[in-house]
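Student:
There are 2 protein chains.
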Amino acid sequence: MENNTLSAATTTTVITPGQLLKHWQGHRALTRRMIEAFPEDQLFTFSVGGMRPFSTLVMEFCGMAFPSVYGVITDEWLGIDVLLKDTGAVVKPTTKAELLQLWDVITEKLNEWWPKIPVEAFQKEITAFGQYEGKSVSILFYIFDNEIHHRGQGYVYLRALGIEPPAFWDRDQNL
Amino acid sequence: MENNTLSAATTTTVITPGQLLKHWQGHRALTRRMIEAFPEDQLFTFSVGGMRPFSTLVMEFCGMAFPSVYGVITDEWLGIDVLLKDTGAVVKPTTKAELLQLWDVITEKLNEWWPKIPVEAFQKEITAFGQYEGKSVSILFYIFDNEIHHRGQGYVYLRALGIEPPAFWDRDQNL
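For the protein sequence lines, the chains are A and B, in the order given.
Residue 27 in UniProt numbering sits at position 27 of the first sequence, with consecutive numbering throughout.
Residue 68 in UniProt numbering sits at position 68 of the second sequence, with consecutive numbering throughout.
(1) Is Lys85 of chain A helix, strand or coil when you go by DSSP?
(2) In this structure, what does DSSP give as the bridge partners for Ala128 of chain B?
(3) Thr11 of chain B lies in the alpha helix (DSSP H); which residues open and close that run?
(4) Straight-line CA distance for Pro93 of chain B to Leu43 of chain B?
(5) Under three-state DSSP, which class holds Arg151 of chain A?
(6) Starting from the C-beta of residue 176 of chain A, find all residues in its chain whose C-beta is less than 7 Å away, skip the five residues before and the five after it, and write them out in chain order.
(7) Could you tell me the boundaries of the alpha helix (DSSP H) in which residue 180 of chain A lies?
(8) What first and last residue would you give for the alpha helix (DSSP H) that runs through Lys96 of chain A?
(9) Using a Cβ cut-off of 7 Å, pull out every chain D residue sitting near Val156 of chain B, in sequence order please.
(10) Listed from N- to C-terminal order along the chain, which residues in the segment 34-48 of chain B have their beta-carbon within a distance smaller than 7 Å of any beta-carbon of chain A?
(11) Where Val58 of chain A and Pro166 of chain A are concerned, what is the direct C-alpha to C-alpha distance, given to the nearest angstrom?
(12) Using a Cβ-Cβ cutoff of less than 6 Å, which residues in the same chain neighbour Lys96 of chain B once the five nearest sequence positions on both sides are dropped?
(13) Nearest-angstrom Cα distance between Pro17 of chain B and Gly162 of chain A?
(14) By the DSSP assignment, the alpha helix (DSSP H) with Met51 of chain B in it spans what residues?
(15) Contact between the segment 124-133 of chain A and the segment 132-139 of chain B is defined here as three or more beta-carbon pairs at a separation below 8 Å; is this criterion met?
(16) Taking only beta-carbon atoms, is Lys135 of chain A less than 8 Å away from chain B?
(17) Verify the CB distance criterion: does Ser138 of chain A have a CB-CB separation below 8 Å to chain B?
(18) Thr74 of chain B CB to nearest chain A CB: under 8 Å?
(19) Just how far apart, CA to CA, sit Asn174 of chain A and Trp113 of chain A?
(20) Here's a check: name, in chain order, each residue in its chain whose Cβ is nearer than 6 Å to the Cβ of Leu21 of chain B, leaving out the five neighbours to either side.
(21) Less than 8 Å between the C-beta atoms of Glu147 of chain A and Thr31 of chain A, yes or no?
(22) List the residues of chain B that Leu110 of chain A touches, going by C-beta distances under 8 Å, in chain order.
(23) Going by C-alpha to C-alpha distance, which of B:Met51, B:Phe38, B:Pro67 sits closest to Leu140 of chain B?
(24) Quick one: using the 10 Å Cβ neighbour count with 16 as the cut-off for buried, is Glu2 of chain A buried or exposed?
(25) Under 8 Å between C-beta atoms, does Val119 of chain B make it to chain A?
(26) Could you round the C-beta distance between Phe168 of chain B and His149 of chain A to whole angstroms and report it? I think they count as a contact, below 8 Å.
(27) Among the candidates A:Lys109, A:Leu110, A:Val137, whose CA atom is the shortest distance from the CA of Glu120 of chain A?
(28) Just to confirm the assignment, what range does the alpha helix (DSSP H) spanning Arg171 of chain A have?
Here it is as structure tokens:
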């Protein structure tokens, strides 16, 4: 593949950075609809098989999403308590409204910062959060996949509660 | 990004085709360990919240994985009953052993066929399975994500059965 003529970069690329952000934000929009679908009390308490409540899983996504993008760009690995301190977001939400507001602040931060990732950074070896070694692209895919994985867990919680979850396929597939 | 010098393709690419296959096969190896972790009877019958048994979800993955790669390459959209007819795999497995054998045949087919995907095909608009419109990369990501999503559902099934699932992070992250 590296020997192909690369005059038209978009046709010789698996996926562009802009497409990957769009793909991720499509998934994040679905996760937001999952948060909305949970009754307020069950969001923070409901569990199957001793697993974590959905709000705790969502906070895991929040702790990884923008800090990882910021880290890939700056090589500084900071928590959302530091990174979002001037945004007005509650970084330890205790209500659905606070959790959704935090989610939305992160959505905006990702849209603002993702385009600052230098293209060559995706293939760069890093140590994310001071401990996870790998290429940036591998770290980022881990974070995307972790959200899909645990959100799938949330689908079972909603079904077990007798609530129809939002459709998995209802995302912007037009990359 | 398209204006960058592309003399070193691997450093100006988000992810290469080979890395994406490795990433997918890492996920598929985890799904295989999930199949193994289910007791034989529960694999075909256990459900939470009226959702499908894990074996049915796995058959959905099997019906999409190789047919989609074959389709991206040939623009022919065929089922595994046709595509795997000379492999000896049982395409409607009723035992865990048959399901694992089918899984392994597909793993080999993906390793054999994925490198035949022309790089420019990832960004090509297609109509997958005669009905799903989008770029090939979007169709392929849908299939990867669908597996992660439903496998997350399987994690809840195992926990509800009192069985420790294989670790989500235990995949080859070294892309």
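All C-beta atoms, glycine included, are put in the ideal place defined by N, C-alpha and C.
For clarity, every value in this text was computed on a predicted model and none was experimentally measured.
Tutor: Let me lay it out:
(1) coil
(2) In DSSP, Ala128 of chain B forms a bridge with B:Tyr132.
(3) Counted as a single uninterrupted DSSP element, the stretch harbouring Thr11 of chain B is not any alpha helix (DSSP H), since DSSP gives it neither H nor E.
(4) C-alpha separation (whole angstroms): 12 Å.
(5) helix
(6) The question about residue 176 of chain A has no answer here: the residues shown for chain A are numbered 1 through 175.
(7) The first residue shown for chain A is 1 and the last is 175, placing residue 180 of chain A beyond what the model contains.
(8) 96-113
(9) Given the protein chain composition of this structure (A and B), no chain D is represented.
(10) Correct list: Val48.
(11) Going by the C-alpha atoms only, they are around 16 Å apart.
(12) Glu40, Leu43
(13) 41 Å
(14) Secondary structure note for Met51 of chain B: it is in no alpha helix (DSSP H), with a DSSP letter that is neither H nor E.
(15) no
(16) Chain B, which has a Cβ nearer than 8 Å to the Cβ of Lys135 of chain A, makes this yes.
(17) yes
(18) no
(19) 22 Å
(20) Trp114
(21) yes
(22) Within 8 Å Cβ-Cβ: nothing; Leu110 of chain A doesn't reach chain B, min ~16 Å.
(23) B:Pro67
(24) Model confidence at Glu2 of chain A stands at a pLDDT of 42, short of 50, so the residue's coordinates are unreliable; what they give is reported in the following sentence. Label assigned to Glu2 of chain A: exposed.
(25) yes
(26) The C-beta distance from Phe168 of chain B to His149 of chain A rounds to 6 Å, short enough to fall under 8 Å.
(27) A:Val137
(28) Element bounds for Arg171 of chain A: n/a, residue is neither H nor E.
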